[in-house]
Each structure stands twice: as structure tokens, then as C-alpha cells.
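Asks: Let me begin by handing over the structure; questions about it come next.
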Amino acid sequence: MAHTLPAELADQAKRIADLAREEGLEFFDTVFELVDFDQMTQIAAYGGFPQRYPHWRFGMEYERLRKQHTYGLSRIYEMVINNDPCYAYLLADNALVDQKTVIAHVYGHGDFFRNNVWFARTNRKMMDEMANHATRVRRYIDRYGFEEVERFIDLALSVEDLIDPHSVLIRRGDDDQPRTPDDPRVIEHELVRYPAKRYMERFINPPDALEAQRRRLRESHAREKTIEPARPVRDVLLYLIHHAPLEDWQADILAMIREEAYYYAPQAQTKIMNEGWASYWHSTLMTRYCLRDDELITYAEHHAGTMATSPGRLNPYKLGLELFRDIEERWDLGRHGREYEELQDVEARRNWNRDRKRPERVRGKESAGREKIFQVRRIYNDVTFIDEFLTPEFAARQGLYHYRYDPSSGRMTAVTRDFDRIKQQLLFSLGNLGRPYIYVVDGNYANRGELYLAHHHSGVDLQIRYATETLRNIQRIWGRPVHLQARINQENVRFTCDGRQSQHQTVTDDMPRPAHVM
Amino acid sequence: MRIEKDHRRFREIVKGRIREDLRRFLTRGELFGREGSSVISIPVRGIDLPTFRYGENGDAGVGAGRAATGDPVDARGEGIGPGGTEPGRHILEVDVSLDELADILGEELRLPRIQPKGRHSLTTQKDRYSGARQAGPESLRHFKRTFRRALRRQIIMGVYDPDRPRVVFERRDKIYRSWKTVRKPQSNAVIIYMMDVSGSMGDEQKELVRIEAFWIDAWLRRNYEGVESRYIVHDVRAAEVDRHTFFHLREDGGTKISSAFRCAQGLLDLRYAADEWNIYLFHFSDGDNSSESDNRECCRLLREQLLPRINLFGYCQVASAYGSGSFINVLNEHFQADPAVITTRVNGKDDIYDSIRGFFSPGR
Numbered sequence: 001m002a003h004t005l006p007a008e009l010a011d012q013a014k015r016i017a018d019l020a021r022e023e024g025l026e027f028f029d030t031v032f033e034l035v036d037f038d039q040m041t042q043i044a045a046y047g048g049f050p051q052r053y054p055h056w057r058f059g060m061e062y063e064r065l066r067k068q069h070t071y072g073l074s075r076i077y078e079m080v081i082n083n084d085p086c087y088a089y090l091l092a093d094n095a096l097v098d099q100k101t102v103i104a105h106v107y108g109h110g111d112f113f114r115n116n117v118w119f120a121r122t123n124r125k126m127m128d129e130m131a132n133h134a135t136r137v138r139r140y141i142d143r144y145g146f147e148e149v150e151r152f153i154d155l156a157l158s159v160e161d162l163i164d165p166h167s168v169l170i171r172r173g174d175d176d177q178p179r180t181p182d183d184p185r186v187i188e189h190e191l192v193r194y195p196a197k198r199y200m201e202r203f204i205n206p207p208d209a210l211e212a213q214r215r216r217l218r219e220s221h222a223r224e225k226t227i228e229p230a231r232p233v234r235d236v237l238l239y240l241i242h243h244a245p246l247e248d249w250q251a252d253i254l255a256m257i258r259e260e261a262y263y264y265a266p267q268a269q270t271k272i273m274n275e276g277w278a279s280y281w282h283s284t285l286m287t288r289y290c291l292r293d294d295e296l297i298t299y300a301e302h303h304a305g306t307m308a309t310s311p312g313r314l315n316p317y318k319l320g321l322e323l324f325r326d327i328e329e330r331w332d333l334g335r336h337g338r339e340y341e342e343l344q345d346v347e348a349r350r351n352w353n354r355d356r357k358r359p360e361r362v363r364g365k366e367s368a369g370r371e372k373i374f375q376v377r378r379i380y381n382d383v384t385f386i387d388e389f390l391t392p393e394f395a396a397r398q399g400l401y402h403y404r405y406d407p408s409s410g411r412m413t414a415v416t417r418d419f420d421r422i423k424q425q426l427l428f429s430l431g432n433l434g435r436p437y438i439y440v441v442d443g444n445y446a447n448r449g450e451l452y453l454a455h456h457h458s459g460v461d462l463q464i465r466y467a468t469e470t471l472r473n474i475q476r477i478w479g480r481p482v483h484l485q486a487r488i489n490q491e492n493v494r495f496t497c498d499g500r501q502s503q504h505q506t507v508t509d510d511m512p513r514p515a516h517v518m
Numbered sequence: 519m520r521i522e523k524d525h526r527r528f529r530e531i532v533k534g535r536i537r538e539d540l541r542r543f544l545t546r547g548e549l550f551g552r553e554g555s556s557v558i559s560i561p562v563r564g565i566d567l568p569t570f571r572y573g574e575n576g577d578a579g580v581g582a583g584r585a586a587t588g589d590p591v592d593a594r595g596e597g598i599g600p601g602g603t604e605p606g607r608h609i610l611e612v613d614v615s616l617d618e619l620a621d622i623l624g625e626e627l628r629l630p631r632i633q634p635k636g637r638h639s640l641t642t643q644k645d646r647y648s649g650a651r652q653a654g655p656e657s658l659r660h661f662k663r664t665f666r667r668a669l670r671r672q673i674i675m676g677v678y679d680p681d682r683p684r685v686v687f688e689r690r691d692k693i694y695r696s697w698k699t700v701r702k703p704q705s706n707a708v709i710i711y712m713m714d715v716s717g718s719m720g721d722e723q724k725e726l727v728r729i730e731a732f733w734i735d736a737w738l739r740r741n742y743e744g745v746e747s748r749y750i751v752h753d754v755r756a757a758e759v760d761r762h763t764f765f766h767l768r769e770d771g772g773t774k775i776s777s778a779f780r781c782a783q784g785l786l787d788l789r790y791a792a793d794e795w796n797i798y799l800f801h802f803s804d805g806d807n808s809s810e811s812d813n814r815e816c817c818r819l820l821r822e823q824l825l826p827r828i829n830l831f832g833y834c835q836v837a838s839a840y841g842s843g844s845f846i847n848v849l850n851e852h853f854q855a856d857p858a859v860i861t862t863r864v865n866g867k868d869d870i871y872d873s874i875r876g877f878f879s880p881g882r
């Protein structure tokens, strides 16, 4: 399908790779493939992978992308796949200068994939894994029928995003092991006993107090054994795989979808950083080394096109690039740390270290700013990146503003340039990839085998229509009735779907309580 | 390509959804805003996969630029409305060609394919320039491809000099366009729309006629190679008008339906010989004809002049503010046994579905 690079481009790719390595980038070997526009659209519709399981949503995405292109709305220049080796696609009819820019950009992504900690646990053989998934789904289709499998994938995709993106790096208790075995020694071990001399023991740890404590612990252990799950579970998908009455093939499909969701999650978690980092590097490598004189105008035009912002939409390329540059400058000029932060005088802040000559950056590694941004690309994700490095000066310089829906005009309207509001809004829309937090709070609600989910409200209500429909899909997976508790207009509402009908009612005290309360 | 399968499946789902909602689409005039285009964008409900997401009060964000506070910033032109409980964003616009739409209509209404009248076995011949070959007249030389071949040959032979780029064709470089003659059976149809524009036909009634005419057009165009549409309006006199006038003309005065029939007859005499054309007449009226004698005249014209040469006479009686007339009863009485005369009543948009089905289910 794709063609390997012609000699001229291959030479360029090698040269740019050498330059990038010299600047300190570390990336997997990168395989470039030259594709035409239609192939590019196809690959993009498949999320970057040439082999995916058959499903109509890829067809829908394909139609959308193709239409966008026909109307001249957007154009896919580049596509990189986090894999070892890294795969990248170049559009065959692009001019050489564009190809060079894209190649440099790709190495930036490659470095980010390899070094950013959020990618540390991603499967680097995802290309093969995706192809395996495709094969397995095809086998299920042969065995159980196309419509049957498609129907189930539709359901599974409805809960695709109910995962716990942080769990790859944190161990959330040991859910796999049996909890609290029936052993008095466990209770003795958990007992709070203050150290005391023997003759004081009776007074410092009175026997009846200890007995009361033992009783409490026994009760709580007994309770813990009956409640399921032991603590609220964010990985709803995993919970379904373990506890829903599924056929083997269904569980396998859910597991595949979950695996793919975890694979894509870090890319969504680091969209701004990843694009910013790649843009920083294509810009640095191109302007410093790779541009020929006659290519300058084309390069500048396309770079500007990529960085363009439109009202009401934040361009992750632009924001990321500018933030990385800002960090680099601040650390070059020492504009960080307590002394600088506490400085109130605007003028003094602005002139801080202005007189100090910036270190000559022949080789980036040697400047403090460079060192800092390499560190940043290693340990941050978008949320922490914005939280830590978005400054009021930066927001003002970039002209950031906060907008919201104005019911009177029916349009999105710029509301304020207040820094705190901007930052809060940005963090909110990045948190949990901009999706609501949903937990399993009871897997055996009211002892009737019903699933109870809860929305952890963080300021914004759920979209009711979507919630109802998603709940219906979850019910089809779970089999028994499913509930969702969510706060709608300041009120706790319980949505219920029992397979025949959906309803909702305000939560009252006489309803049975789920095992955990959000 | 692999994507084609998934894409085909997606289109199937879209069509299925349109079919389910066809009754609703049939009543929507605004679908057909862009007349004359062969593709229509149709809003299709509920095709995306539901997931938990934020609702109305989450419609906020951060932008960058010069906007002053209070400026609208959603210049995206998508017209994003409030989310909330409205089905607004649940909708996907899908492009569907008129032919596909007509097929869906045919399947859903279980309309039989129309058998063109047997006499027209005319075939047309058409030359299509679809191929290329090595020999041919110079006037058909494919310059671009010839040039490319010559350039390639010169580069391979090493005689091409980029500093003095001169490309010289040789005989063997030349590529000529070639054609194939395609024979196509031809079946033509003409639709003559007649409408009563007397005072009792208001805008609402005209909208009904417009929607109905759209679907009649779509279905007949699917069944014939070439379809011509002619438009006649009448009150007590009739005249042929263009499409725009047809749907927008407003007259006062009485109603004499026979005038339209006579006008149609004139048109047929002049231009549409019965052995070359499949002829469809549709008449829209509120059925309030001026006199009993004119009713008789109509029946005579229809029986003697029109019916012998046409495929179908469809009469659609639209309810107006002045109630509904009796012309439909007259027709039913006189032509009950004639399969070429079909009458339907449309009192509101919901009746269009049945009306279309009524007209075309005999498959004429």
C-alpha cells in the first residue's frame, strides 16, 4: 500500500534525525511511509493504524475527514504512531520543505512518546496488537455473526472512556487479592495499642477499650466482605469485564477496547505538550539548520497556518509551543523560584535579568532553559503542565480569555480575561480528558445484583440525554438493572434503566443506599 | 481498501436511519433548500455512540485572540445551540444523493419500479472518452501524458538538462485519447404539474404542494433517464409558468379546472408525442371548482383527450381554509375503474407519505 521513501527524502530524514539527536532528542527508529491523500484519510480514520477491527464508526470518521478535506476545512499533514519502531506517514504530494518540516515534527513526537512518563506503560508493539485485535474480532464475526458482534462493539464503545488513566502508574490497593481473611491475628495486628510498661498496660490500653475496638474491627471486616466493590471503582470497564455475565468473546472484546483506550489515553492526556514539543522541534530544526533560502516563505506560511488560532478554539500546537518557549526563556533568565515569584513590582519582574546575556545556544543542551524543557517533557502531562507553567504574564501575552454560552444571544461569548478563571477553565476541560468522572459505587445494589454508578460532580452536570442512552447500553452489558446517580440542577437524581424502560427520580432518604456515597 | 467495507456499513446504517425516519423527512420542506443539486444534506438522528459527557452548563472554554468581553466567539458557523436535553447535537449531517433517497423512498413505500411504456425502445449512442491509446489523430493527443512520457524518457536516457529544460516528443511518447461508444436505452418522461392558484390556495397549501412535488420528481427521476418538468397554474384561465413562479404566484379569483386540462393538452399536442414520452400529470387543487358544467367538461377532456396518451393522472386535493371541495368526488365517481387516475387527499404534512404511496404503488 505505502511506498518507502525515495532516496532524496530518505537522505533528508537521516540528516534531520542526526541533527535532532545532536540536540538531545531520543526517539525510536522511525519508519516513514509515503501515502496519497486517500490512504492518509483511511489511516487517520483508523486512528493511525492500518489494521483495525471492522466497525462502522471508522467509516463514519472516514466520511467526516474526507468531507472536511473536500470543503477545504482541514488537511492532514502528518501522522505518527507511538510504536517501536515509530511509524509516520507523509503525504506524497507535499513539497520537499513540507516533508522536511513534518519529518522534524515527527522526531519531536517520537522523542515525546519515548520519554514522557505517561507513555511509559504503553504497548510499544501496538501495531501488532491492533492487528491481533482485528483478527480476533473477525474470528468472532465468523463464529457468531456480523450483526451480533457489531451490536456488542457498539455497546462496548459506549463505555470506552470509563477507564482510570492514572491507574497505569499507581497501584490502587490490591483488588486482586482476597481482602481481610477470617483470621483473629489480622484483627490483633490492626488493633491500636499504645506502647506501655507492663505495669501500666492495664491503664494505657484498658482491656474493655481493646475489646470494643476488636468488635468494631470485626464488624467493619464483616461489612467489607459484603460490600462490593470495596472502594469506588473508576475503571468501570474493568469492573464490567470481571463482574458482568459475559460470554468469553464478549469479555474479550471489552478487554480489547479497554486496552486500546489505555493505549490512546496518554495521547489525549498530553495533547498540548506533545504537539507543543513537536512544534518546538520542527521550528528549531528547520529555522536553525534545514531551511534553504528559497523555502523560507513556504515554511513560514505553513508554520503560521498550523499555529493559527481561531476565536473560541484553543490551538494545542500554538499553546504548547508558546509555553515551552516561555519556560525555556524563564529558566534562561532565572525567572522562577521564590525571589522572583514574590516580586510584586511589574516593572521589576519584566526587567528581571534582562541585562543578563542569554547563554549562547549553539548546542541546546547547555542552556538552563533547554535543560528545564527536557525535564518538563519527561514528567508532566497537560494538566500539571498548565497548572505549573501557565502564568498571568503568559496568558496576557497570548490574549487568552474565558468564554461561555450566553443564553440570551444563543452564542458563545467572551466573558473575562481574569487569569484565575482562564486557568480554572483550562484545567477543568483537561481534567479526566474533559470527560465526567464516573465510578462504580455498588455492584450489588440493594442486594439485588444491580449496578450502581455515580457521577462525581465537579461543577458541571451530565448531559441527560446521552447519560440515559449510555446507561441503557451499560444495562445491556450488565444484564440486571443499572442505576446512575448524578447531580442535575443542584439535585441528586437517580437514573435507572432496567432493560425495558428508563426513568429517573430524585434521590430521597428512603431509597436503599449504595455501598459508597460520592 | 479496507475502509470501504466500514464506510459501506456506515452508509447502510445511515440509510436505515433515514428509512426509519422517512415519514418525518417526507414532511420537511427545509430539506430541499438547494434545488437543482443532486446531493442533499440530511440531518440523521442518533447515529453516534452515546457516552457520558457534560451538558449545558459545560459550554465554556478558553480562547485566544483579540475578542473583547461580550464578543461572540463561536465563529465556527456550526450554530451550536444549547446542549441540555435537546436532541440538537445528537444530529449528524450526512450527504445523500437524490437517487439514494429515491431508492429509500421506493423501498420504504414498497413502490414497484415503473415499467416504461413498451413502445420506446429507442436507444441513444454516446461516445465517452475514457481510455488512452498509442495511435490516433493529433487533435486527440493527450498533451500532459505525452509530455510526461517524453520527460521520463529523456531523464532515463540522460539527455535531459535541468538548466535548459527542453522536452522533445517522439512518436513513441505520444498518447491519444480513445473513446468507447455506449448504447443506452432511453426512456423519457415529462411531468406536468398543474396547480390551482385561486384565492383559497394559501402559502401553507403551496408548501404542501412543493414537498409533494419534490418527492414525485425524485421518484420519477430515479425511474427514467430524462425527466422534464412543466408547470401550469390556473384560476379561471391557465398558463404555463416556470418553477419559481409556480410555487410563489398568488392569484385571486375563481377556479376553472378545465382551463388547466386544456392547457396541458395543448402542451402535449405541441411537444410530447405519446409514443415517445411517458407522461405524468399531477393536479393540485382545493377541489372547489366553479360549476357543475366545468366538472363535466373536465371529465370529458380527461377521458377523451388526456387519458389515452398518459401514464398517470394524479389528483391531489389539498385542504384549505375554505374547506375542501368536491372535485375529488367527481373524479372518483367517473374514473373509479380507470387505473390511470389516482386521487389522494392531503390535509396536512403527515398525509404526504400516503399520498405518494397512493400515486406510485400501481407502478405506472
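Residue numbers (my numbering), protein chains in the order written: chain A, 1 to 518; chain B, 519 to 882.
Positions of the beta carbon are idealized from the N, C-alpha and C atoms, including for glycine.
The structure presented is a predicted model; accordingly, all values stated were derived computationally and were not measured.
#1: Using a Cβ-Cβ cut-off of less than 7 Å, give me the residues of the stretch 456-486 of chain A that come near chain B, in sequence order.
#2: Looking at C-beta atoms only, is the number of pairs between the stretch 711-726 of chain B and the stretch 796-808 of chain B that lie closer than 8 Å three or more?
#3: Grab me the residues of I163 (chain A)'s own chain with a C-beta within less than 8 Å of its C-beta, minus the 5 sequence neighbours each way, in chain order.
#4: For K533 (chain B), decide whether its Cβ has a neighbour in chain A, counting only Cβ atoms nearer than 9 Å.
#5: Determine which residues of the stretch 158-172 of chain A have a Cβ less than 8 Å from any Cβ of chain B, and write them out in chain order.
#6: Near H660 (chain B), what residues of its chain come up, given a Cβ to Cβ distance below 7 Å and the 5 sequence neighbours on each side ignored?
#7: Specify the secondary structure class of T506 (chain A) as computed by DSSP and reduced to three states.
#8: Chain B beta carbons: is any one of them nearer than 9 Å to that of Y144 (chain A)?
#9: Are A446 (chain A) and V517 (chain A) close, meaning C-beta to C-beta below 9 Å?
#10: Using a Cβ-Cβ cutoff of less than 8 Å, which residues in the same chain neighbour D29 (chain A) once the five nearest sequence positions on both sides are dropped?
#11: Could you please give the first and the last residue of the uninterrupted alpha helix (DSSP H) stretch that includes Q12 (chain A)?
#12: How far does the alpha helix (DSSP H) with R349 (chain A) in it extend, from its first residue to its last?
#13: At least one CB of chain B closer than 9 Å to the CB of L254 (chain A): is that the case?
#14: Do the stretch 412-423 of chain A and the stretch 382-399 of chain A meet, that is, are 3 or more Cβ pairs less than 8 Å apart?
#15: Distance cutoff 9 Å, beta carbons only. Does E148 (chain A) sit that close to anything in chain B?
#16: Taking contact to mean at least 3 C-beta pairs separated by less than 8 Å, is the stretch 683-692 of chain B in contact with the stretch 720-738 of chain B?
#17: Does any CB atom of chain B fall closer than 9 Å to the CB of S310 (chain A)?
#18: Please list, in chain order, all residues of the same chain as R863 (chain B) whose beta carbon is under 6 Å from its beta carbon, the five residues on each side excluded.
#19: In whole angstroms, give me the CA-to-CA distance for L254 (chain A) and Y144 (chain A).
#20: If A44 (chain A) and L65 (chain A) are in contact, beta carbons under 8 Å, what's the gap, nearest whole angstrom?
#21: Nearest by alpha-carbon distance to V117 (chain A): which of A:L210, A:Y380, A:L451, A:R75 is it?
#22: What three-state label does DSSP hand Q39 (chain A) in the structure shown?
#23: Below 7 Å CB to CB, which residues in the same chain sit around A156 (chain A) once its five sequence neighbours on both sides are set aside?
#24: Taking DSSP as the reference, what is the three-state secondary structure of D868 (chain B)?
#25: Measure the C-alpha to C-alpha separation of R121 (chain A) and L90 (chain A) and round it to an integer number of angstroms.
#26: In the DSSP output, what is N94 (chain A) paired with across the bridge?
#27: Considering only residues of the same chain and omitting the five flanking positions on each side of H752 (chain B), which have a CB-CB separation below 6 Å?
#28: Mapping the DSSP letters down to three states, classify N606 (chain A) as helix, strand or coil.
#29: Could you compute how far the alpha carbon of G720 (chain B) sits from the alpha carbon of L767 (chain B)?
#30: Between L323 (chain A) and F394 (chain A), how many whole angstroms is the CB-CB distance? I'm expecting something under 8 Å.
#31: Counting along the chain, where does the alpha helix (DSSP H) carrying T416 (chain A) start and finish?
#32: Is there a C-beta anywhere in chain A that falls below 9 Å from the one on F528 (chain B)?
#33: Measuring only the C-alpha atoms, how far is M307 (chain A) from E8 (chain A)?
#34: Look at the alpha carbon of G434 (chain A) and the alpha carbon of P195 (chain A), and state the distance between them as a whole number of angstroms.
#35: Can the beta-carbon of H402 (chain A) be found less than 9 Å from the beta-carbon of V383 (chain A)?
#36: Measuring CA to CA, which of A:E188, A:V80, A:P206, A:R349 is closest to V31 (chain A)?
Replies: In brief:
#1: Cβ contacts with chain B come from V460, D461, L462, Q463, I464, R465, Y466, A467, E469, T470, N473.
#2: A contact exists between the stretch 711-726 of chain B and the stretch 796-808 of chain B.
#3: Around I163 (chain A): R234, D235, V236, L237, L238, R258, A261, Y262, A265.
#4: Chain A, which has no Cβ nearer than 9 Å to the Cβ of K533 (chain B), makes this no.
#5: Result list: S158, V159, E160, D161, L162.
#6: Annotation for H660 (chain B): A650, I693, Y694, R695 place their beta carbon closer than 7 Å to its own, counting only its chain and skipping 5 residues before and after.
#7: In the displayed model, T506 (chain A) falls within a strand according to three-state DSSP.
#8: With 9 Å as the cut-off, Y144 (chain A) does not count as an interface residue toward chain B.
#9: No. Outside cutoff.
#10: Hits under 8 Å: D84, P85, C86.
#11: Per DSSP, the continuous alpha helix (DSSP H) segment holding Q12 (chain A) begins and ends at 7-22.
#12: Note, R349 (chain A): alpha helix (DSSP H), 346-351.
#13: Chain B contact via Cβ: absent.
#14: Taking a cut-off of 8 Å for Cβ pairs, the stretch 412-423 of chain A and the stretch 382-399 of chain A touch, as three or more such pairs fall below it.
#15: Not an interface residue.
#16: Contact between the stretch 683-692 of chain B and the stretch 720-738 of chain B is absent, because fewer than three Cβ pairs lie under 8 Å.
#17: So yes, S310 (chain A) belongs to the interface.
#18: Hits under 6 Å: Q835.
#19: Cα to Cα, L254 (chain A) sits roughly 16 Å from Y144 (chain A).
#20: For a cut-off of 8 Å, the C-beta gap from A44 (chain A) to L65 (chain A) is around 6 Å, short enough to register as a contact.
#21: With distances taken between Cα atoms, V117 (chain A) lies closest to A:Y380.
#22: Note: Q39 (chain A) maps to helix in three-state DSSP.
#23: Spatial neighbours of A156 (chain A) in its own chain (CB-CB distance under 7 Å, excluding positions within 5 residues in sequence) are listed in chain order as I253, L254, I257.
#24: Correct three-state label for D868 (chain B): helix.
#25: Cα-Cα distance, rounded: 27 Å.
#26: For N94 (chain A), no pairing in a beta bridge is given by DSSP.
#27: Residues S777, A778 of the same chain have their beta carbon placed closer than 6 Å to that of H752 (chain B), with the five preceding and five following residues left out of the count.
#28: No statement about residue 606 (chain A) is possible, as the shown extent of chain A runs from 1 to 518 and does not include it.
#29: Rounded to the nearest whole angstrom, the C-alpha separation of G720 (chain B) and L767 (chain B) is 10 Å.
#30: With a contact defined as Cβ atoms closer than 8 Å, L323 (chain A) and F394 (chain A) qualify at about 7 Å.
#31: Here T416 (chain A) belongs to no alpha helix (DSSP H); instead the beta strand (DSSP E) covers 411-416.
#32: Interface criterion met: the Cβ of F528 (chain B) is under 9 Å from a Cβ in chain A.
#33: Approximately 28 Å, taken between the alpha carbons.
#34: Each residue's alpha carbon lies about 50 Å from the other.
#35: In this structure, V383 (chain A) does not lie closer than 9 Å to H402 (chain A) by Cβ.
#36: Comparing Cα-Cα distances from V31 (chain A) to each of A:E188, A:V80, A:P206, A:R349, the minimum goes to A:V80.
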